[in-house]
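In our numbering, the protein residues as written are 17 to 107.
Ideal Cβ placement from N, Cα and C applies to all residues, glycine included.
Bear in mind the structure is a predicted one, so any value in this text is a computation, not a measurement.
Right under this line is the structure:
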């Protein structure tokens, strides 16, 4: 049986995978800014804010970084809602 990769909506009609997420954080501190800056230099930064305030940052194990206007709390709630849904559907 094939496993279904869970996805969450992060901006309008844009979705991302929840697999291999390293961290989900707010745009605070020099450490996070450094990670975002490094990802930009490597072409691994995906800015989905369209000029609005960045409220959530998703960092993947492979170095990809997604900037979104969706808050950290909302992103986490969407991930757990998706996992709950996937578990219920698999039963």
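(request) Check each candidate in 42, 69, 79 and 46 and name the one with the smallest Cα separation from residue 61. (result) 79
(request) Work out the CA separation of residue 54 and residue 87 for me, nearest whole Å. (result) 22 Å
(message) My output table needs one value for residue 96: the three-state DSSP class, helix, strand or coil.
(response) helix
(message) Can you look up residue 50 in the DSSP assignment and give me helix, strand or coil?
(response) helix
(request) Using beta-carbon positions only, say whether residue 26 and residue 70 come within less than 8 Å of one another. (result) no
(message) What would DSSP say about residue 63, mapped onto helix, strand or coil?
(response) strand
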